[in-house]
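Chemist: Let me give you the structure first, and then I'll get to my questions.
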Amino acid sequence: MDTDLLKTFLEVSRTRHFGKAAENLYLTRSAVSFRVKQLESILGVALFERQRNNIQPTPAGERMLGHAEAVLTAWERAKQDVSLSQLQSTQLAIGAGPNIWDAYLQRYLQHLHVGLPGVALRTEVLPLTVMTRQLMDRTLDLAISFDPPKLDQFELIQLGQINLLLVSKSRDVSVNEVQAGQYVKVDWGTAFNIIHAQEYAALPVPTLHTSSARIALDFILNNGGCAFLPEHLVQPLLQRGELNLVAGASAISRSVYVAYWAENDRLEQIKQAISFLADKLVIEDN
């Protein structure tokens, strides 16, 4: 199958507009329409309900979304695998949400590269639902998250913990004194949200809600306010007095997990990567 048909289908699904999809793909509108019709002809089903200014996927189109993404991901991985250099024997695909990268993985990527000679790394910033699907499709080797997929097919290992501190740009601020418009809510997963609702209900409605710790950090440094952020990320700023701990707020710990297929043919490299990352978190905790 022509992968361009799948790319066009996904772009129309995303934009809900043939004209916008054409602009994004640098195609004419008629070319986009032709590709969609060609894909529908191959599948024997209608993928979109076409009404003026209202393009919606049909039930078949909704079901096709995950398959199209899986095929394109597998194709990209295949191209990368066959083009590995003589110095690289295999490729390891690692997926995590934006906060896992911000709080943990990003600063160890270079060390992981050095520690796994002969392994080409492919990194993805993905939501948990997509990571779960890609693990099942065998297009992702490691899925790292705070709230891991709990399926019998996956091996699950706790790598360690990350401490989150409530920090503020202002000095001498307590939890009960945080003003409206001065709180930034960072998405640290389900367990964090439960603790947050139980122990920090007095905090005001967030002026910003984000899934990126670095976005939250930059925001409060430039605009003031407070947020729960990883200890390692804010410790240098606390030492320099650029940030301050919010009085009365306890640290919240979040466990970091990795999920993988036990029958993966890259199991040796997977276990090496897990051991390395777990050791780094243990050192960080101590």
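Numbering (the numbering used here), first residue to last: 4 to 289.
Don't be surprised by glycine CBs; every beta carbon is placed ideally from N, CA and C.
Let's test the definition: count the other Cβ atoms within 10 Å of the Cβ of T11 and tell me whether it reaches 16, buried, or not, exposed.
Modeler: buried
Chemist: State buried or exposed for V171, treating a residue as buried only when at least 16 other CB atoms are found within 10 Å of its CB.
Modeler: Residue identity check: residue 171 is Ser in the sequence provided, not Val. S171 should be labelled buried.
Chemist: Exposed or buried, L108, counting other C-beta atoms within 10 Å across all chains shown (16 or more means buried)?
Modeler: buried
Chemist: How about the region 125-133 and the region 229-244: do they share at least three Cβ pairs that are nearer than 8 Å?
Modeler: Contact between the region 125-133 and the region 229-244 is absent, because fewer than three Cβ pairs lie under 8 Å.
Chemist: Can you check which of these residues, I198, F222, G244, G163, is closest to D282 by C-alpha distance?
Modeler: Ranked by how close their Cα comes to the Cα of D282, the residues I198, F222, G244, G163 have G163 in first place.
Chemist: Which same chain residues, not among the five before or five after L75, have their C-beta less than 8 Å away from its C-beta?
Modeler: Around L75: T6, L9, K10, L13.
Chemist: Please determine, among R174, S253, I58, the residue with the shortest C-alpha to C-alpha distance to R243.
Modeler: With distances taken between Cα atoms, R243 lies closest to R174.
Chemist: Keeping to the same chain, check which residues put their C-beta closer than 7 Å to that of A81; ignore five residues upstream and five downstream.
Modeler: none
Chemist: At which residue ranges does the region 197-232 contain complete alpha helix (DSSP H) runs of 4 or more residues, listed in the order of the chain?
Modeler: 216-226
Chemist: Does S321 pass the burial test, meaning 16 or more other C-beta atoms within 10 Å, or should it be called exposed?
Modeler: Residue numbering for the chain in the displayed model covers 4 to 289; residue 321 lies beyond these limits and cannot be assessed.
Chemist: Quick one: complete beta strand (DSSP E) runs, 3+ long, within the region 242-280?
Modeler: 255-264
Chemist: What residues in its chain sit with their C-beta under 7 Å from that of T61, if we drop five residues either side in the sequence?
Modeler: A49, L50, F51, E52
Chemist: Would T378 be called buried (16 or more neighbouring beta carbons within 10 Å of its own) or exposed?
Modeler: One cannot answer for residue 378 here, as it falls past the ends of the chain, which runs 4 to 289.
Chemist: For Q94, which three-state DSSP category applies?
Modeler: strand
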